[in-house]
Structures are given as C-alpha cells and as structure tokens.
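S.K.: One structure, as structure tokens, below. Some questions next.
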Amino acid sequence: MPRLKTTNNQNPDEKYMREAIKQARKAYALGEVPIGCVIVYEDKIIGRGYNRRNTDKNTLSHAEITAIRKASRVIGDWRLEDCTLYVTLEPCQMCAGAIVQARIPKVVMACMNPKAGCAGSILNILDMPEFNHQVEVVRGVFEEECARMLQTFFKELRVRNKEAE
626 MPRLKTTNNQ NPDEKYMREA IKQARKAYAL GEVPIGCVIV YEDKIIGRGY
676 NRRNTDKNTL SHAEITAIRK ASRVIGDWRL EDCTLYVTLE PCQMCAGAIV
726 QARIPKVVMA CMNPKAGCAG SILNILDMPE FNHQVEVVRG VFEEECARML
776 QTFFKELRVR NKEAE
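Structure (structure tokens):
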C-alpha cells in the first residue's frame, strides 16, 4: 500500500486529510474500497469512519455516515454546524445528502469520483441552492496519493478476481 511523504509544515487540511487516509488504510486492510473520513470540531477529531459495506453487509456503512454518526454522538446533536469533514474520495449521493442534512459547513476531499461523485462530478448536492444548506468544498488535498491508493486497490482486486475464476 502506498505511503504518504511527511512534512513538518502542514496546514490543517493536510493534517486532517492524513487522518482520513489512516482510516482509508483500515478499509484497505479489510479488503474494502479504501475510503476514509474524519470530522473535526475545534481542532479535534470527533468522528472517524472508513468504508465497511462488504464487511458489515450494509449499504449504509460508508466512511462519511459512520463518522457523522460518531460526531453527532460526541456533539450531542444531529447538527454538526461548526465541523469540517475530511474524506479521501468525493461523497456519493447518500453521503452528500447526509452532509447537507447534518449542516456540515465545509468538506475537504482528496480525489473526485467521476462514476458516483455527488460533490461536483455527476452533480453537486453540496451546493444546490434549492436546499436550505450549502457546503464549502475544498478539492485535491493529497489527491494523487489517494487516487494511487484506490488504483492499487482495484488493480489488486482485479488480480484476485481473475485468480478466483
């Protein structure tokens, strides 16, 4: 699995994206699509999650949903109005909808998902004026590293699937 280069001078987006990447590695180790997420409140991580759909056999076991659930428990409210969500891959429609519903004001993501992304690729649920909440989005934080991890995962998965035939 590819590793990130570390630097001492990192901004908060890089610092917390590294934490999301650690979560993605947990998914990778389970044989899950390596997607990780953390939610930050007042410079502290209050929610962590990683993809566990196959492990849990549950459609809802996405990194963002898990992190939102945990952060809501910590805050004691469904509104996460002063939080920032960091995720290694652009959210799907379910996760983007949950982000809007949770009133999260900012999302930082690593790479886009042209096949299923709903934060700018297919559509942008996070910035639809028809909803009562819009989200600031920062894209491309450690994009190459996260894209490489996903590419490596799917390359290995194709090999495993071919060997199983």
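Under my numbering, the residues of the sequence shown are numbered 626 to 790, in order. No residue lacks a Cβ here, since even glycine has one placed at the ideal position from N, Cα and C. Owing to the predicted nature of the structure, the values given are computational and were not obtained by experimental measurement.
Let me make sure I understand the geometry here. Which of Gln635, Gln718, Val733, Cys708 has the alpha-carbon closest to that of glycine 799?
M.R.: Absent from the model: residue 799. The displayed extent of the chain is 626 to 790, so no value can be given.
S.K.: Compare the Cα-Cα distances from glutamate 715 to each of Ala744, Val725, Thr680, Lys682 and report the closest residue.
M.R.: For the purposes of this step, residue 715 is identified with residue 90 of the sequence shown, where counting begins at 1. The shortest Cα separation from glutamate 715 among Ala744, Val725, Thr680, Lys682 belongs to Ala744.
S.K.: Could you give the uninterrupted runs of the beta strand (DSSP E) lying entirely in the segment 691-759, keeping only those of 3 residues or more?
M.R.: 708-714, 731-736
S.K.: Please return the same chain residues whose Cβ sits closer than 7 Å to the Cβ of alanine 723, not counting the five positions on each side in sequence.
M.R.: Numbered from its first residue, the sequence shown carries residue 723 at position 98. If the five residues before and after alanine 723 are omitted, its C-beta is found closer than 7 Å to the C-beta atoms of Glu689, Ile690, Ile693, all from its own chain and listed in chain order.
S.K.: Could you tell me how far apart the beta carbons of leucine 705 and isoleucine 729 are, in whole angstroms, since I believe they sit closer than 8 Å?
M.R.: Counting from 1 along the sequence shown, the entry for residue 705 is found at position 80. Counting from 1 along the sequence shown, the entry for residue 729 is found at position 104. Sure, about 5 Å apart at Cβ, within 8 Å.
S.K.: Starting from lysine 640, trace the alpha helix (DSSP H) in both directions and tell me its first and last residue.
M.R.: For the purposes of this step, residue 640 is identified with residue 15 of the sequence shown, where counting begins at 1. 637-654 is the span of the alpha helix (DSSP H), which, as asked, contains lysine 640.
S.K.: Per DSSP, what kind of secondary structure is phenylalanine 763 in: helix, strand or coil?
M.R.: Translated into positions along the sequence shown, residue 763 becomes position 138. Checking the sequence shown, residue 763 turns out to be valine, not phenylalanine. If DSSP states are grouped into helix, strand and coil, valine 763 belongs with the strands.
S.K.: Could you check the C-alpha separation between leucine 775 and proline 659 for me, to the nearest Å?
M.R.: Along the sequence shown, one-based indexing puts residue 775 at 150. Along the sequence shown, one-based indexing puts residue 659 at 34. Computed Cα separation, rounded: 6 Å.
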